[in-house]
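K.L.:
Each residue of the sequence shown is one higher than the one before, starting from 23 at the first, in my numbering.
The beta carbon of each residue, even a glycine, is placed where N, CA and C say it ideally should be.
Once you've had a glance at the structure underneath, I'll fire off some questions.
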Amino acid sequence: MPAAFPFSAIVAQDEMKLAILIAATDQSIGGVLVFGDRGTGKSTAIRALAALLPAMRVVDGCVYNCDPDAPDGALCASCRETRASGGKLKVRKGAVPVVDLPLGATEDRVIGALDLESALTRGEKRFEPGLLARAHRGFLYIDEANLLEDHLVDALLDVAASGENVVEREGLSVRHPARFVLVGSGNPEEGELRPQLLDRFGLSVEVTTPQELKTRMQVVRLRDEFERDPDAFIEKHKRKDAKIRKQILHAKDKLGEVEVPDATLERASQLCMKLGTDGLRGELTLIRAARAYAALEGDDSVADKHLKRVAPPALRHRLRRNVLDDAGSTIRVNRAVEELFGA
């Protein structure tokens, strides 16, 4: 696998980088959708996430990356059997998986299927885990998410809602945990995302081509330096990436201690009511994202400054179309934030 561009070396695109850090801090937020122009660093930032995330504890030999400290209901069948029989789950440190879902992937490859080699050579019915199994406790990256086939979207929605992948086909009946963070990217000019899938993303980020001359020059210079000598470039930014990794670890530890005052919760609800968002998912995401941002900043409680910062990515993709207001969703969110919180 080719080396990933260091996260700390990504120029500009501050909202995208913050959204990725928030999703890494609190995976319950529901992932990140990055939409925008081609060549603006969408996939670069997401692939840099893999090298940035701290290692996690996994059961040694488990294809599902089970958590050895998880309750029985969150373990795969094999790990449950080992624990039930009194056996000890061996533990190792493993990298947080960041799994690519290719645009042309078959349903079998995504959800898993019968292992044909075992069936034909040994007459055994064995389950061959798919990409959802590999992504458990990690991130599932969908490039060109808006071009994903409908049957794959349906499968993803089912698993994302339940946290469990159920495969019943070819005489197999398999259930395994599949809790992951969806990360998608795409170009809106090539088609819209299905509303059901769009709603599953906690944060939505818009990226554009930099218009400042110095920024464009810096992007080109850094990318060229990386491609000429990736190892030296990664080593050069190793300390900065380590600092960001430490920030994520500290934020994850602090997350449960960050308070959300009633006044802040009231502000969040007022903002969602002002924008007319459907349901309460917007408020939940807004509060969770603001809390994760506060943890990243080292703050003890969520305040207006945190809500204002995360409101656009948390709410812009949840707005209804307004025939009387042709302003873009980002403008509408920013306008509502300014009216509620002040300039």
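CB-CB under 8 Å to V345, same chain, minus the five flanking residues each way: which ones, in chain order?
P.N.:
Confidence is the limiting factor: at V345 the pLDDT is only 43, short of 50, which leaves the residue's position unreliable, though a coordinate-based value still follows. Excluding positions up to five away in sequence, the list is empty.
K.L.:
Can you give the Cα-Cα distance for D270 and A117, rounded to whole angstroms?
P.N.:
For clarity, residue 270 is Ile in the given sequence; the question names Asp instead. About 15 Å.
K.L.:
Between G152 and the rest of its own chain, which residues show a CB-CB distance below 6 Å, the 5 nearest in sequence each way excluded?
P.N.:
Only R131, V132, I133 and G134 meet the Cβ criterion.
K.L.:
Could you tell me which whole beta strand (DSSP E) segments of length 3 or greater appear in the segment 132-199?
P.N.:
Complete beta strand (DSSP E) runs here, min 3: 161-164, 186-191 and 194-199.
K.L.:
What do you reckon, are the CB atoms on V33 and L244 nearer than 8 Å?
P.N.:
Going by C-beta atoms, V33 is nearer than 8 Å to L244.
K.L.:
Please determine, among F202, L306 and L194, the residue with the shortest C-alpha to C-alpha distance to A96.
P.N.:
Nearest option by C-alpha distance: F202.
K.L.:
Take every Cβ of the segment 292-311, pair it with every Cβ of the segment 40-59, and state whether three or more of those distances are shorter than 8 Å.
P.N.:
Short answer: they touch.
K.L.:
Using three-state DSSP, classify F57 as helix, strand or coil.
P.N.:
Strand.
K.L.:
At the level of alpha carbons, what is the spacing between F363 and F255?
P.N.:
Roughly 42 Å separates the two Cα atoms.
K.L.:
Is it the case that the Cβ atoms of F29 and D251 are separated by a distance below 8 Å?
P.N.:
Not in contact: F29 and D251 (Cβ atoms no closer than 8 Å).
K.L.:
Hey, would you say N168 sits closer than 8 Å to E228, going by beta carbons?
P.N.:
For N168 and E228, no; Cβs fall outside 8 Å.
K.L.:
Return the CA-CA distance between E150 and Y163, expressed in angstroms with no decimal places.
P.N.:
Those two C-alpha atoms are separated by around 20 Å.
K.L.:
For the beta strand (DSSP E) that D228 lies in, which residues bound it at each end?
P.N.:
Correcting the residue type first, residue 228 is Glu in the shown sequence and not Asp. Segment L225 to V229, the beta strand (DSSP E) holding E228.
K.L.:
Which residues bound the beta strand (DSSP E) around D122?
P.N.:
D122 -> beta strand (DSSP E) spans V120 to D122.
K.L.:
Assign D165 to one of two classes, buried (16 or more other C-beta atoms within 10 Å of its C-beta) or exposed (fewer than that).
P.N.:
Buried: at least 16 other Cβ atoms inside 10 Å.
K.L.:
Counting only the same chain and skipping the five closest in sequence on each side, list residues whose C-beta sits under 8 Å from that of R331.
P.N.:
Excluding residues within five positions, the ones whose Cβ falls inside 8 Å are L40, A312 and Y315.
K.L.:
Just the C-alpha distance for E129 and L220, rounded to the nearest angstrom, thanks.
P.N.:
For E129 and L220, the distance between alpha carbons rounds to 20 Å.
K.L.:
Alpha carbon to alpha carbon, what distance is there between T230 and P210?
P.N.:
C-alpha separation (whole angstroms): 12 Å.
K.L.:
Expressed to the nearest angstrom, what Euclidean distance is found between the alpha-carbon atoms of H198 and Q292?
P.N.:
Those two C-alpha atoms are separated by around 40 Å.
K.L.:
Once DSSP output is grouped into helix, strand and coil, what is the label at E214?
P.N.:
Coil at E214, not helix or strand.
K.L.:
List the residues that DSSP assigns as beta-bridge partners of S291.
P.N.:
None; S291 has no bridge partner.
K.L.:
Return the CA-CA distance between S100 and S184, expressed in angstroms with no decimal places.
P.N.:
So the alpha carbons of these two residues sit roughly 20 Å apart.
K.L.:
Can you confirm whether the segment 105-119 touches the segment 83-97 when touching is taken to mean that 3 or more C-beta pairs between the two stretches lie within less than 8 Å?
P.N.:
Taking 8 Å as the limit for Cβ pairs, the verdict is that the segment 105-119 does touch the segment 83-97.
K.L.:
Would you report the Cα separation of P24 and F248, rounded to the nearest angstrom?
P.N.:
Between P24 and F248, the C-alpha separation is close to 12 Å.
K.L.:
Within 10 Å of its beta-carbon, does R261 have 16 or more other beta-carbons around it, so buried, or fewer, so exposed?
P.N.:
Burial call: exposed.
K.L.:
Do D322 and V280 count as a contact pair if the criterion is CB distance below 8 Å?
P.N.:
In this structure, D322 lies closer than 8 Å to V280 by Cβ.
K.L.:
Using a Cβ-Cβ cutoff of less than 7 Å, which residues in the same chain neighbour V259 once the five nearest sequence positions on both sides are dropped?
P.N.:
The amino acid occupying residue 259 in the given sequence is His; Val does not appear at that position. Excluding positions up to five away in sequence, the list reads P28, S30 and A31.
K.L.:
Near H173, what residues of its chain come up, given a Cβ to Cβ distance below 8 Å and the 5 sequence neighbours on each side ignored?
P.N.:
Once the five neighbours on either side are set aside, the close Cβ partners of H173 are E129.
K.L.:
Does the segment 283-302 come close enough to the segment 235-243 to have 3 or more Cβ pairs within less than 8 Å?
P.N.:
With the cut-off at 8 Å, the segment 283-302 and the segment 235-243 do not touch.
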